[in-house]
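Have a look at the structure below before the remarks.
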Amino acid sequence: MNSPAEIARLYVDLGSQKAKLPSGKIFVLSVLAGMFIAMGGIGSTVASFGIESAALARVVSALVFPIGLSLVLVGGAELFTGNNLMLMPVLQKRAKISGMLRNWIIVYLGNFVGSLIIAFLIAFSIANPASSAPLYGGKLSQAFIQTAWTKVNLGFGDAFIRGILCNFMVCLAVWISMAASADLSGKIIALYLPVFLFVLCGFEHCVANMYFIPVGFIAMVQGGTPLAELPWFGFLVGNMIPVTLGNLVGGAGFTGILYWYTYLQGNRE
Numbered sequence: 261m262n263s264p265a266e267i268a269r270l271y272v273d274l275g276s277q278k279a280k281l282p283s284g285k286i287f288v289l290s291v292l293a294g295m296f297i298a299m300g301g302i303g304s305t306v307a308s309f310g311i312e313s314a315a316l317a318r319v320v321s322a323l324v325f326p327i328g329l330s331l332v333l334v335g336g337a338e339l340f341t342g343n344n345l346m347l348m349p350v351l352q353k354r355a356k357i358s359g360m361l362r363n364w365i366i367v368y369l370g371n372f373v374g375s376l377i378i379a380f381l382i383a384f385s386i387a388n389p390a391s392s393a394p395l396y397g398g399k400l401s402q403a404f405i406q407t408a409w410t411k412v413n414l415g416f417g418d419a420f421i422r423g424i425l426c427n428f429m430v431c432l433a434v435w436i437s438m439a440a441s442a443d444l445s446g447k448i449i450a451l452y453l454p455v456f457l458f459v460l461c462g463f464e465h466c467v468a469n470m471y472f473i474p475v476g477f478i479a480m481v482q483g484g485t486p487l488a489e490l491p492w493f494g495f496l497v498g499n500m501i502p503v504t505l506g507n508l509v510g511g512a513g514f515t516g517i518l519y520w521y522t523y524l525q526g527n528r529e
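With the numbering used here as the guide, the letters of the sequence shown map in order to residues 261 to 529.
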């Protein structure tokens, strides 16, 4: 098992490589990551749908959602929230700020594209009330709408704080999964626990919301709501902007900077 100091050095190596990847490859891998996270999202909704106990439904959802991040890490995809740790190789002078920002921007956009692809595919297949055999009689769309509506009405401050706490856990999941070295089962178990915790507590993940909110909006449109009447302001200002900023603080700050300072500061290679 890798020690925390060894993990820090390993991630600096990994992050410096990420900063140098060609833009095209970054985009493709980030689209995949968005799709993986979205699949974890739909799985968590399907598994918890219809459970009357809110607490039990939250537990079931939290048990299923981490599958998405497992696919990202094991499949080698590029996820914006996990890549917030790339601040570590920048602080270590192993990567340029421009390379980090290029990665973040491309990955963020690619994650959005991948999430939207799955949102449309789900909304027009298993969740479409007009399809021949929709799950739960087509009632999944109501769950999508309720989830999206809750998220766009959080408010800037609430969403920002939930974003901080979320990516603190996600980046910790990435971090401790690297302790398992080449042991696949160990990696999955290690990353599973912090992600389970953030879903259970209702924290906010910007890439997950790239799926949860659009799929709810699509369901609203399918139900007759005009595009112009969708809560676009709440989508951007009430959720995506504050959650993204919070994710950056939680991932790059709470996890990245603190671990860099503890294990690498003053020891540049």
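Using N, Cα and C, we set each Cβ at its ideal position, and we do this for glycine too.
Values in this document were obtained by computation on a predicted structure and should not be read as measured data.
Where the alpha helix (DSSP H) through residue i begins and ends
i    : result
R354 : Taken as a continuous stretch (DSSP letters only), R354 belongs to no alpha helix (DSSP H), as it is neither H nor E.
R418 : It should be noted that the sequence gives Asp, not Arg, for residue 418. Per DSSP, D418 belongs to the alpha helix (DSSP H) from F416 to S437.
Y471 : C466 to Q482
T305 : S283 to S308
F495 : W492 to F495
N507 : I501 to L508
A488 : Run containing A488: none; DSSP gives neither H nor E here.
Reduced DSSP secondary structure (H/G/I, E/B, other) of residue i
i    : result
L524 : coil
D443 : coil
A383 : helix
K399 : coil
G335 : helix
I449 : helix
T515 : helix
K280 : coil
I377 : helix
F463 : coil
P454 : helix
F404 : helix
I311 : coil
F325 : coil
M261 : coil
P394 : coil
F372 : helix
P349 : helix
N343 : helix
N363 : helix
heavy atom of the ligand GTP below 7 angstroms from residue i C-beta
i    : result
G494 : For the ligand GTP, the structure offers nothing, since it holds no ligand at all.
Under 8 angstroms between C-beta atoms of residue i and residue j
i    : j    : result
N413 : G494 : yes
M476 : F428 : Strictly speaking, residue 476 in this sequence is Gly, with Met absent from that position. No; because the gap between Cβ atoms is not below 8 angstroms, this pair is not in contact.
V434 : L451 : yes
F463 : L425 : yes
G335 : F296 : yes
A419 : N499 : yes
V530 : P264 : Here the chain has residues from 261 to 529 only, and residue 530 is not among them.
M348 : G275 : yes
I377 : I286 : no
L460 : V306 : no
G511 : T407 : no
M261 : A439 : yes
W520 : A317 : no
L524 : Q352 : yes
Between the CA atoms of residue j and residue i - distance to the nearest angstrom
i    : j    : result
L331 : N371 : 14 angstroms
F458 : G397 : 30 angstroms
L395 : I311 : 15 angstroms
Q402 : A479 : 8 angstroms
V503 : V324 : 22 angstroms
L292 : T522 : 33 angstroms
N343 : V509 : 12 angstroms
R362 : S375 : 20 angstroms
G484 : V430 : 36 angstroms
G359 : L381 : 33 angstroms
V373 : N527 : 39 angstroms
L400 : V497 : 26 angstroms
K576 : S283 : The displayed coordinates of the chain run from 261 to 529. Any statement about residue 576 would go beyond what the structure contains.
I448 : S391 : 35 angstroms
A393 : I386 : 7 angstroms
S290 : A314 : 33 angstroms
W409 : A279 : 36 angstroms
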